[in-house]
Amino acid sequence: MTLKFKNILLNIVTIIVVTMFFSCNDSFNQVQKIGVSENEPIGIAENINLKHTDSGRVTANLLSPKMLDFTNRDFPYNEFPKGIVLNLFDEQNKKSIVVADYAIVYDKTDLLDLQGNVVITTADNRVLKTEQLYYDQKKEWLFTNKPVTFRTETDIINGNGFDSDSKFKTAEVLEVTGIISVED
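The sequence shown begins at 1 in full-length UniProt numbering and counts up one residue at a time.
What follows is the structure, encoded as structure tokens:
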């Protein structure tokens with residue numbers, strides 16, 4: 001009788017252990033999320049003044065009143081709900097400026113989405129204006145399919161869409177709707 005009792009007890013313990021083993025599939029991730037609402041950022045930064053340097057030289061300066069950190073999501077991102085001003089400095093320390101009312105940076109794709117009164121003013125005074133502009137940080141490529149106004153040294157070009165490398169060497173207004181020649 002005691003041998004039968006030991007077998008039953010061993011079977012019960014084995015079933016409990018196996019059940020516990022298969023029920024603990026993602027508990028660590030669930031514990032990390034306790035107390036963090038899915039719709040809330042895990043961090044908020046205010047009055048950002050972030051400088052990026054390369055070999056001791058400032059190459060970029062990001063200014064923003066507020067940043068929301070959503071890097072706890074499956075598709076992590078940082079949001080700038082009150083806009084950004086980004087100063088970019090080339091090798092000769094000439095400054096280009098990017099301004100937008102709203103911005104969002106997606107970590108996994110390195111894509112920057114600028115929205116609302118987007119204006120880029122290059123060091124050589126070319127100006128691009130649009131309501132939305134994407135920047136692929138990996139490819140260093142700017143693009144949009146929204147209406148744009150692009151001012152060069154000689155022309156103001158209106159169109160629907162824009163494609164360019166980050167240095168504006170291959171800047172192209174797509175679906176041109178008008179060109180105005182500018183005289184100095």
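Ideal Cβ placement from N, Cα and C applies to all residues, glycine included. Quantities reported herein were computed from a predicted structural model and do not represent experimental measurements.
Cβ pair residue i, residue j closer than 8 Å
i, j, result
"residue 50", "residue 84", "no"
"residue 119", "residue 148", "no"
"residue 159", "residue 182", "no"
"residue 163", "residue 172", "yes"
"residue 132", "residue 110", "no"
"residue 65", "residue 87", "no"
"residue 166", "residue 128", "no"
"residue 92", "residue 101", "no"
Span of the beta strand (DSSP E), counted from its first residue to its last, around residue i
i, result
"residue 116", "111-121"
"residue 68", "57-70"
"residue 75", "Premise fails: residue 75 is in no beta strand (DSSP E) and is neither H nor E."
"residue 131", "127-136"
"residue 95", "95-100"
DSSP state of residue i mapped onto helix, strand, coil
i, result
"residue 42", "coil"
"residue 166", "coil"
"residue 146", "strand"
"residue 174", "coil"
"residue 182", "coil"
"residue 54", "strand"
"residue 196", "The question about residue 196 has no answer here: the residues shown for the chain are numbered 1 through 184."
Rounded distance between the beta-carbons of residue j and residue i, thought under 8 Å
i, j, result
"residue 168", "residue 122", "6 Å"
"residue 75", "residue 106", "7 Å"
"residue 42", "residue 78", "That belief does not hold up - the Cβ atoms of residue 42 and residue 78 are roughly 11 Å apart, past 8 Å."
"residue 89", "residue 95", "6 Å"
"residue 45", "residue 52", "Wrong, their Cβ atoms sit about 16 Å apart, outside the cutoff."
is_contact[residue i, chain D] using C-beta, thresh 8 Å
i, result
"residue 102", "Among the chains in the structure shown there is no chain D, since it carries only a single protein chain."
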